[in-house]
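Asker: Dropping a structure here in structure tokens format, bear with me for questions.
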Amino acid sequence: MHDEATSFCFDRNKFTRSAFNAQQLLRDAMERGFSLERIRDDLRVYLKIIQNNMIEMINQDYSRFVLLSSNVVGLRSPVDNLVQSVESAANELDLSDTHLKVGELTGKLEEQRRLSSHAQMLHYKLTTMQLLQRIKHLLKASNPDRFVLAALARHIVKAKVVVEQSDDEANRGTLNHCLGQIGEYLQSEFGASFPAAIRNKDYNRIGQLLELFTACGCDDALHAVFIAEFVNPRLKECQSKREAAFKAVLSELNAIHQEYSSVLSKVVGYSGGAFLADCLLMALVGFTERHLKSIFIPTDPSNFRDSFRAFNAFVADFVRRCVHVEPSTSKLLKLTRSKFDVQIYHQLCCLETLGGLEEVMVPSARLERATGSVYQFKLHNLLRNALERIWSDEQATDGFFLLPLAWSCLVLTFRLLNLYDSFVGAYCRHCESLLDQLDFASDKPSSTLTVEAIAYFVNDGFQFVDFLSTIYERLLLPKLTSDPSISQVHKVLKASLTSIEQGLSRFVSGLLTDWLSSRLIHHWAAVSDLPRLFRWTRKESPTTASSYMMDGCNLLAKIQQLFSDLTVSDDVLRDMYRVALDRATSVYATNVSQVLSSVDQVSSSLSKLKRGTKATAADVLSDDGKIKLQLQLDLTKVETVLDSLPLPDDCDAHLGLARLIAEVGGLP
1 MHDEATSFCF
11 DRNKFTRSAF
21 NAQQLLRDAM
31 ERGFSLERIR
41 DDLRVYLKII
51 QNNMIEMINQ
61 DYSRFVLLSS
71 NVVGLRSPVD
81 NLVQSVESAA
91 NELDLSDTHL
101 KVGELTGKLE
111 EQRRLSSHAQ
121 MLHYKLTTMQ
131 LLQRIKHLLK
141 ASNPDRFVLA
151 ALARHIVKAK
161 VVVEQSDDEA
171 NRGTLNHCLG
181 QIGEYLQSEF
191 GASFPAAIRN
201 KDYNRIGQLL
211 ELFTACGCDD
221 ALHAVFIAEF
231 VNPRLKECQS
241 KREAAFKAVL
251 SELNAIHQEY
261 SSVLSKVVGY
271 SGGAFLADCL
281 LMALVGFTER
291 HLKSIFIPTD
301 PSNFRDSFRA
311 FNAFVADFVR
321 RCVHVEPSTS
331 KLLKLTRSKF
341 DVQIYHQLCC
351 LETLGGLEEV
361 MVPSARLERA
371 TGSVYQFKLH
381 NLLRNALERI
391 WSDEQATDGF
401 FLLPLAWSCL
411 VLTFRLLNLY
421 DSFVGAYCRH
431 CESLLDQLDF
441 ASDKPSSTLT
451 VEAIAYFVND
461 GFQFVDFLST
471 IYERLLLPKL
481 TSDPSISQVH
491 KVLKASLTSI
501 EQGLSRFVSG
511 LLTDWLSSRL
521 IHHWAAVSDL
531 PRLFRWTRKE
541 SPTTASSYMM
551 DGCNLLAKIQ
561 QLFSDLTVSD
571 DVLRDMYRVA
581 LDRATSVYAT
591 NVSQVLSSVD
601 QVSSSLSKLK
611 RGTKATAADV
621 LSDDGKIKLQ
631 LQLDLTKVET
641 VLDSLPLPDD
651 CDAHLGLARL
661 IAEVGGLP
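Residue numbering for the sequence shown follows UniProt numbering, beginning at 1 and increasing consecutively.
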């Protein structure tokens, strides 16, 4: 197609003139030497160009039309949204007017509620003041009888109820201040009469005083009076007897309980039995605090456990005689047990158990072997005995460890596990420092460190972990699930077990794996001597594997036999064999390739020197053939040994040996 005006035989501009003359156009073209056929062809081309331009102009006008139509359609949606916004604004105006009216009503209701609450508070304060006035009037009585005491207690209780209902801090503070002053007055006026009422068995008077002092919140004053008058003198008498032990103190408390329970149980209007129980337990708590390390509470662990059993028997008998245990009594029982357990037992067990273990757990020291035990080393016997002693059923109450003792045992267990975990890591590092000196076994004294001894230590460790898991599942959880707050400690102990297991696994995956791979590489490096053994030595053709290969395979067999009798997991052993053999076979393959390359070079040189000489007999194997045959026998042997080990089929050792066998077998 023509693009330029000069390519036509006529001037295209003439078509745009108003005085266009077709005859003149033809004459001009013919005068310029163009034929009629050329003029016809150019006119056809020019017509085609004009048609294309017209089509393009029509398309442009149509696209503008479509764009304008789309804009008109898109304008409808914003207009609709604008209409909806206007309608929504109108609705919101209506709602705002409604909200204003509702807000005014709500404000009025809140004001009315505030005024009502203020009136109620004033009523409570007025009632409280009236009750305090009545109490003040009763306290001024010159000779208060039992009716006055009963009225005092009743008005005090009413005042406390009113203050609790008002929930006003200022009102509560005023009442507490008044009750404190009333309590001091009652102690000075009636405290001395309480022991006399008990001696005279005046049940009504005892009950009225207990009720009155309890109402004022100063019943502890009566506890102190009873303890000072009836309990402490008899406990001091026990202390004066040098031969007396903690059991004697418990027996004396039992005697006091039996003596006064008949009096206090008959008190009218108050639980005299609970009062007596609380007094005796308070006295026991105070006595325990004062005599933690005296002859009454022995510091020797075995004697301490005897005293603890006596205390459990005292508690069981005490609860049985009380029939109904009040919350205050139960709280005091727990407090007494915590004083008795945590502060004594925990300290003694730490001193007795951890002190002895720290002397044994020295990484560089010789681990003493055990005899007649499931463990090879005495260390693990000591650890097991310590845990069994910590979680002995003799220390539990009805199969459960109460919270204070449970915490003590858990903390001690955690410290013991951390101590062993640290020792495992330190012992592993000590063995790694002696890696080059390790032998599989030794006839030297037992102090010599060997692979066999390390394997037995790892086996002991995994057996101890199994025992720890048993302790965790069968002892810790059943005896501690009664308190949910110890769940976090369970997780910590479980993490300690996992850490110990990982530390033991590092002996196999790290230390023993490195030792085995280095020994195999050392044995199998002798493959480089095969050319020297067969070249020009006239040795017979080999029929068995080389000694270097047998040394390595025998070592693998010893390792396999050693661990077959131990409790190390299959996954850990599988990783040890895989990593060690991958390393060893990789180095061995490199050495074999060097041997084959050397054989080929020597063979090529000899063939050039012997060109034209008489060929070797067909039934006589050449030196090169003997070397390659020996390699085939060695590879077959190691492949057989590897097949007997727990290795995955796709491990690098199998794949590397398969390539070597194919390479050696394909050689001429």
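Even for Gly, the Cβ is constructed at its ideal location relative to N, Cα and C. Keep in mind it's a predicted model, so treat the numbers as computed, not measured.
Let me check understanding here. Comparing Cα to Cα, which of Gln463, Leu222, Cys178 lies closest to alanine 196?
Answerer: Reading the sequence shown from its first residue, position 196 is the one you call residue 196. Here the closest residue by C-alpha is Leu222.
Asker: For the alpha helix (DSSP H) containing glycine 552, list its first residue and its last residue.
Answerer: Here residue 552 is taken as the residue at index 552 of the sequence shown, counted from 1. Residues 547 to 564.
Asker: With distances taken from CA atoms, which of Thr544, Leu253, Phe318 is nearest phenylalanine 287?
Answerer: Residue numbering aside, residue 287 sits at position 287 when the sequence shown is read from its first letter. Nearest option by C-alpha distance: Leu253.
Asker: If we ignore side chains and look at the alpha-carbon of each, how far apart do tyrosine 548 and glutamate 540 end up?
Answerer: Here residue 548 is taken as the residue at index 548 of the sequence shown, counted from 1. Here residue 540 is taken as the residue at index 540 of the sequence shown, counted from 1. Going from the Cα of tyrosine 548 to the Cα of glutamate 540 covers about 18 Å.
Asker: Is there contact here, the region 327 to 335 with the region 412 to 430, by at least three beta-carbon pairs under 8 Å?
Answerer: In short, these stretches do not touch, since the Cβ pair count stays below three.
Asker: For valine 492, count neighbouring C-beta atoms within 10 Å of its own C-beta (all shown protein chains included) and say buried if the count is 16 or more, exposed if not.
Answerer: Here residue 492 corresponds to residue number 492 of the sequence shown, with the count starting at 1. Valine 492 is exposed by the Cβ-count criterion.
Asker: In whole angstroms, what separates the C-alpha of threonine 640 from that of alanine 525?
Answerer: Against the sequence shown, residue 640 aligns to sequence position 640. Against the sequence shown, residue 525 aligns to sequence position 525. If you take the alpha carbons of threonine 640 and alanine 525, they lie about 19 Å apart.
Asker: Which one or two residues does DSSP pair with aspartate 439 in a beta bridge?
Answerer: As a first step, residue 439 must be located in the sequence shown, where it is residue number 439. Aspartate 439 pairs with Thr450.
Asker: Among residues of its own chain, excluding the 5 on either side of aspartate 623, which ones have a beta-carbon nearer than 6 Å to its beta-carbon?
Answerer: Stepping through the sequence shown from its first residue, residue 623 is reached at position 623. So the qualifying residues of the chain are Phe534, Arg535.
Asker: Exposed or buried, which one is methionine 361 when buried takes at least 16 other CB atoms within 10 Å?
Answerer: Stepping through the sequence shown from its first residue, residue 361 is reached at position 361. Buried, since its Cβ has 16 or more Cβ neighbours within 10 Å.
Asker: Which one of Val508, Ala495, Val465 has the shortest CA to CA distance from leucine 435?
Answerer: For the purposes of this step, residue 435 is taken as residue 435 along the sequence shown, with counting starting at 1. For leucine 435, the nearest C-alpha among the options comes from Val508.
Asker: Should isoleucine 256 be labelled buried (16 or more other beta-carbon atoms within 10 Å of its own) or exposed?
Answerer: In the sequence shown, counting from the first residue as 1, residue 256 sits at position 256. By the neighbour-count rule (16 or more Cβ atoms within 10 Å), isoleucine 256 is buried.
Asker: The alpha helix (DSSP H) with alanine 197 in it runs from where to where?
Answerer: Counting from one through the sequence shown, the residue named residue 197 turns up at place 197. Residues 193 to 199.
Asker: Among Asp317, Phe318, Asp278, Ser499, whose alpha-carbon lies nearest the alpha-carbon of proline 327?
Answerer: What you label residue 327 is simply residue 327 of the sequence shown in a count that begins at 1. The shortest C-alpha separation from proline 327 is found at Asp278.
Asker: Just how far apart, CA to CA, sit leucine 25 and glutamate 56?
Answerer: Here residue 25 refers to the residue found at position 25 when the sequence shown is read from its first residue. Here residue 56 refers to the residue found at position 56 when the sequence shown is read from its first residue. Roughly 28 Å separates the two Cα atoms.
Asker: Any idea what DSSP makes of arginine 535, helix, strand or coil?
Answerer: Walking along the sequence shown from the start, residue 535 turns up at place 535. Reduced to three states, the DSSP call for arginine 535 is coil.
Asker: Starting from the Cα of leucine 250, find the closest Cα among Ala313, Ile198, Asn204, Lys201 and give me that residue.
Answerer: Stepping through the sequence shown from its first residue, residue 250 is reached at position 250. Among Ala313, Ile198, Asn204, Lys201, the Cα nearest to that of leucine 250 is on Ala313.
Asker: Can you check which of these residues, Arg32, Asp439, Gln239, is closest to alanine 453 by C-alpha distance?
Answerer: Here residue 453 refers to the residue found at position 453 when the sequence shown is read from its first residue. It is Asp439 whose Cα lies nearest to the Cα of alanine 453.
Asker: Note down the Cα distance separating methionine 576 from tyrosine 588, rounded to an integer number of angstroms.
Answerer: Walking along the sequence shown from the start, residue 576 turns up at place 576. Walking along the sequence shown from the start, residue 588 turns up at place 588. Roughly 18 Å separates the two Cα atoms.
Asker: Among Val102, Val411, Asp317, which one has its Cα closest to the Cα of histidine 490?
Answerer: Walking along the sequence shown from the start, residue 490 turns up at place 490. Per the Cα distances, Val411.
Asker: Within the continuous alpha helix (DSSP H) that includes aspartate 649, where are the two ends?
Answerer: Counted from its first residue, the sequence shown places residue 649 at position 649. No alpha helix (DSSP H) holds aspartate 649; DSSP gives it neither H nor E.
Asker: Is the separation between the beta-carbon of leucine 210 and that of valine 263 shorter than 8 Å?
Answerer: Along the sequence shown, read from residue 1 onward, the residue named residue 210 stands at position 210. Along the sequence shown, read from residue 1 onward, the residue named residue 263 stands at position 263. Against a cut-off of 8 Å, the Cβ pair of valine 263 and leucine 210 comes out as no contact.
Asker: Since valine 638 and cysteine 553 should fall inside the 8 Å C-beta cutoff, what is the C-beta to C-beta distance between them, to a whole number of angstroms?
Answerer: Taking the sequence shown and counting its residues from 1, one reaches residue 638 at position 638. Taking the sequence shown and counting its residues from 1, one reaches residue 553 at position 553. Contact flag correct, Cβ pair sits at about 6 Å.
Asker: If you follow the alpha helix (DSSP H) that proline 363 is in, where does it begin and where does it stop?
Answerer: Looking up residue 363 in the sequence shown gives position 363. Here proline 363 belongs to no alpha helix (DSSP H), and DSSP marks it neither H nor E.
Asker: Ordered along the chain, which non-local residues of its own chain (more than five positions away) have a Cβ less than 7 Å from that of isoleucine 471?
Answerer: As a first step, residue 471 must be located in the sequence shown, where it is residue number 471. Cβ neighbours of isoleucine 471 beyond the five flanking positions: Leu387, Trp391.
Asker: Look at the alpha carbon of glutamine 239 and the alpha carbon of valine 319, and state the distance between them as a whole number of angstroms.
Answerer: Residue mapping note: residue 239 aligns to position 239 of the sequence shown, counting from 1. Residue mapping note: residue 319 aligns to position 319 of the sequence shown, counting from 1. Distance between the alpha carbons of glutamine 239 and valine 319: 26 Å.
Asker: For glutamine 23 and threonine 16, what's the separation of their Cα atoms in angstroms?
Answerer: Taking the first residue of the sequence shown as 1, we reach residue 23 at position 23. Taking the first residue of the sequence shown as 1, we reach residue 16 at position 16. Going by the C-alpha atoms only, they are around 16 Å apart.
Asker: Whole angstroms is fine: what's the gap from leucine 556's alpha carbon to proline 646's?
Answerer: Counting from 1 along the sequence shown, the entry for residue 556 is found at position 556. Counting from 1 along the sequence shown, the entry for residue 646 is found at position 646. One C-alpha to the other measures close to 12 Å.
Asker: Over the uninterrupted alpha helix (DSSP H) stretch that includes valine 263, give me the two end residues.
Answerer: Here residue 263 corresponds to residue number 263 of the sequence shown, with the count starting at 1. Where valine 263 is concerned, the enclosing alpha helix (DSSP H) stretches over 246 to 264.
Asker: Check each candidate in Phe20, Phe467, His523 and name the one with the smallest Cα separation from alanine 584.
Answerer: Here residue 584 is taken as the residue at index 584 of the sequence shown, counted from 1. Closest by alpha carbon: His523.
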